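What follows is one structure encoded as structure tokens, with my remarks underneath.
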Amino acid sequence: MSNKESTPLLSKTEGSVGSAICSEDSSSNYNGSSMSDSLRRFVRSLSSAERQHALEVLGVGPAASMIKDAVLGYQDAPYEGFYDPYANTADANVTRDMISVVCGRCIAYTWVKRLLLAANWTLFVLSFLEPPQWCRDSSLELAQGNLNDSLSEYGDCKIILEARGTTADGEENQEYYPNSDAMWLSISQSKHVELSCIFIIFFYMILKMGDDGFNPRLFFYPGYKRWVHSSQCILLVCLLSGILVENTVLNPLFRMMILGTFLRNFQKEFWTMMKMVSFDRR
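Residue numbers for the sequence shown follow my numbering, so the first one is 306 and each next one is one higher.
Spelled out as structure tokens, the structure:
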């Protein structure tokens with residue numbers, strides 16, 4: 306979450322941006338100061354003069370952040386825990402300000418949030434559509450000696466889950482391992498789907514870091530913000546490492562956990578349940 310508004314605000318369109326950039330003398334040598342001035346004007350052109358004045362002088366930015374937290378019912382961090390590209394301090398990094406504004410507006414779009422949730426839910430559902438981990442390389446006798454290369458893309462799962470025989474109570478033609486035939490993807494296909502979803506989540510995390518000015522102190526600000534961002538980074542590393550070393554036994558668990566880090570209502574219910582359990586023990 307950012308301390309800026311949840312929806313992009315463009316009081317001036319591309320015309321204002323173009324006028325700000327084109328106002329530079331075309332005959333200039335584009336030295337360091339002229340480039341800095343151009344970037345600063347570009348950042349300022351993203352908001353109206355009234356909005357700039359309110360953010361810089363009247364303290365609307367901190368007030369808007371407090372109202373947002375009150376309405377939504379949570380607080381990632383205090384106002385000081387976010388990068389403010391409109392602070393315009395003496396040592397301000399104009400390039401960083403521009404990146405923060407662009408990244409902040411990208412993550413504010415509704416379609417970006419929906420794409421992020423779609424990637425997380427796809428990872429979660431993937432555990433029910435891919436070949437199960439326990440049967441991919443099985444030592445069961447019925448999976449040994451089978452030379453059918455057409456089934457190799459499923460490991461031993463296709464052989465094991467389709468095996469039929471007589472049960473211990475005498476019923477014939479019964480599945481040894483009853484299943485719902487929900488194995489729709491091969492091992493290779495499930496790997497590609499998982500990598501695609503991981504890339505989408507990773508790219509979103511890059512945008513979040515850019516919104517905080519790529520400042521680790523702000524991105525991992527103490528409190529909820531540090532907890533959730535740390536958990537998401539660690540889980541992404543675990544998911545990717547499992548794919549690289551071809552040992553994805555724990556990946557279904559990691560997928561479920563990383564989905565929970567993006568579902569705030571789930572987190573509220575989970576912590577409420579944990580408080581109730583700890584209270585009962587007392």
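Using N, Cα and C, we set each Cβ at its ideal position, and we do this for glycine too.
All figures in this text were calculated on a predicted structure; none of them were measured in a lab.
### Task
Jot down the residue ranges of each uninterrupted alpha helix (DSSP H) in the segment 454 to 541, minimum 4 residues, whole runs only, in chain order.
462 to 466, 492 to 516, 521 to 524
### Task
Kindly indicate the opening and closing residues of the alpha helix (DSSP H) around W439.
The count along the sequence shown starts at 1 and reaches residue 439 at position 134. Careful: W439 lies outside any alpha helix (DSSP H) and carries neither H nor E.
### Message
Looking only at its chain, what residues have a beta carbon closer than 6 angstroms to the beta carbon of Y529, apart from the 5 residues adjacent to it on each side?
### Response
One-based indexing of the sequence shown puts residue 529 at position 224. The answer, listed in chain order, is D381.
#### Entry: Extent of the continuous alpha helix (DSSP H) run through T400
Taking the first residue of the sequence shown as position 1, residue 400 is located at position 95. Here the alpha helix (DSSP H) through T400 covers 399 to 413.
### Task
Determine the DSSP secondary structure at V582, reduced to helix, strand or coil.
Here the question's residue 582 lines up with position 277 in the sequence shown. V582: helix per DSSP, three-state reduction.
### Buried versus exposed call for S333 [16 or more other C-beta atoms within 10 Å across all chains shown]
For the purposes of this step, residue 333 is taken as residue 28 along the sequence shown, with counting starting at 1. Low confidence applies here, because S333 scores a pLDDT of 44, under 50, leaving its location unreliable and the question unanswered by this model.
### Query
Whose C-beta lies closer than 7 angstroms to the C-beta of N556 among residues of the same chain, with five residues either side of it excluded?
Residue mapping note: residue 556 aligns to position 251 of the sequence shown, counting from 1. The residues are L544, G547.
### Query
A424 and I505: beta carbons closer than 8 angstroms?
For the purposes of this step, residue 424 is taken as the residue at position 119 of the sequence shown. For the purposes of this step, residue 505 is taken as the residue at position 200 of the sequence shown. In this structure, I505 lies closer than 8 angstroms to A424 by Cβ.
#### Entry: alpha helix (DSSP H) runs wholly inside the segment 550 to 576, at least 4 long, in chain order
556 to 566
### Query
Quick one, are the C-beta atoms of K513 and I412 less than 8 angstroms apart?
Walking along the sequence shown from the start, residue 513 turns up at place 208. Walking along the sequence shown from the start, residue 412 turns up at place 107. Their beta carbons are under 8 angstroms apart, which means K513 touches I412 by this criterion.
### Query
Does the distance from the CB of R401 to the CB of G565 come in under 8 angstroms?
As a working mapping, residue 401 is identified with position 96 in the sequence shown. As a working mapping, residue 565 is identified with position 260 in the sequence shown. Their beta carbons are not under 8 angstroms apart, which means R401 does not touch G565 by this criterion.
### Query
Which word fits Y335, buried or exposed, when buried means at least 16 other C-beta atoms lie within 10 angstroms of its C-beta?
Here residue 335 refers to the residue found at position 30 when the sequence shown is read from its first residue. Note that Y335 scores 46 on pLDDT, short of 50, meaning its location in the model is unreliable and no value can be drawn from it.
### Task
Since I believe F507 is in contact with L549 (beta carbons under 8 angstroms), could you give me their beta-carbon distance rounded to a whole number of angstroms?
What you label residue 549 is simply residue 244 of the sequence shown in a count that begins at 1. What you label residue 507 is simply residue 202 of the sequence shown in a count that begins at 1. Actually they do not touch by this definition, with Cβ atoms about 14 angstroms apart.
### Query
Hey, E435 and S493 are a contact pair by Cβ (cut 8 angstroms); roughly how many whole angstroms apart?
Residue mapping note: residue 435 aligns to position 130 of the sequence shown, counting from 1. Residue mapping note: residue 493 aligns to position 188 of the sequence shown, counting from 1. Actually they are not in contact, since the Cβ atoms of E435 and S493 sit about 10 angstroms apart, beyond 8 angstroms.
### Message
Using CA atoms only, rank isn't needed, just tell me which of D461, N570, G515, R531 is closest to G409.
### Response
Indexing the sequence shown from 1 puts residue 409 at position 104. Of the candidates D461, N570, G515, R531, the one whose C-alpha sits nearest the C-alpha of G409 is G515.
### Query
For N398, which residues from the same chain have a beta carbon less than 8 angstroms from its beta carbon, with the 5 sequence-adjacent residues on both sides left out?
Position 93 of the sequence shown holds residue 398. Excluding sequence neighbours, N398 sits near G518.
### Message
Buried or exposed, going by whether 16 or more other CB atoms sit within 10 Å of the CB of K463?
### Response
The residue given as residue 463 occupies position 158 in the sequence shown. Buried, by the Cβ-count rule.
#### Entry: Three-state secondary structure (DSSP) of D330
For the purposes of this step, residue 330 is taken as the residue at position 25 of the sequence shown. Here D330 scores only 44 on pLDDT, less than 50, and its place in the model should not be relied on; the value that follows carries that caveat. Of the three classes helix, strand and coil, the one that applies to D330 here is coil, per DSSP.
### Query
Excluding five sequence neighbours on each side, which residues of the same chain lie with their C-beta closer than 8 angstroms to the C-beta of E574?
By one-based count along the sequence shown, residue 574 stands at place 269. No residues qualify anywhere along the chain.
### Query
If you draw a straight line from the C-alpha of R441 to the C-alpha of R560, how long is it?
Residue numbering aside, residue 441 sits at position 136 when the sequence shown is read from its first letter. Residue numbering aside, residue 560 sits at position 255 when the sequence shown is read from its first letter. So the alpha carbons of these two residues sit roughly 19 angstroms apart.
### Query
DSSP three-state call for A382: helix, strand or coil?
In the sequence shown, counting from the first residue as 1, residue 382 sits at position 77. Three-state result, A382: coil.
### Query
Rounded to a whole number of angstroms, what is the C-alpha to C-alpha distance between I563 and T415?
Within the sequence shown, numbered from 1, the residue matching residue 563 stands at position 258. Within the sequence shown, numbered from 1, the residue matching residue 415 stands at position 110. Rounded to whole angstroms, I563 to T415 spans 20 angstroms at the Cα level.
### Task
Give the DSSP-derived three-state secondary structure of A424 in the structure shown.
Taking the sequence shown and counting its residues from 1, the one referred to as residue 424 is at position 119. A424 falls in the helix class under three-state DSSP.
### Query
Does DSSP put L452 in a helix, a strand or coil?
Counting from 1 along the sequence shown, the entry for residue 452 is found at position 147. Because the pLDDT at L452 is just 48, under 50, the model does not fix this residue reliably, and the value given afterwards should be weighed accordingly. Three-state DSSP puts L452 in coil, outside helix and strand.
### Query
Where I465 and K580 are concerned, what is the direct C-alpha to C-alpha distance, given to the nearest angstrom?
Against the sequence shown, residue 465 aligns to sequence position 160. Against the sequence shown, residue 580 aligns to sequence position 275. If I take the Cα positions, the gap works out to 43 angstroms.
### Message
Taking 8 angstroms as the limit between beta carbons, can you name the residues of its chain near Y481, skipping five residues before and five after?
### Response
Looking up residue 481 in the sequence shown gives position 176. Counting only Cβ-Cβ distances below 8 angstroms, and skipping sequence neighbours, we find L447, I465, A468, R469, G470.
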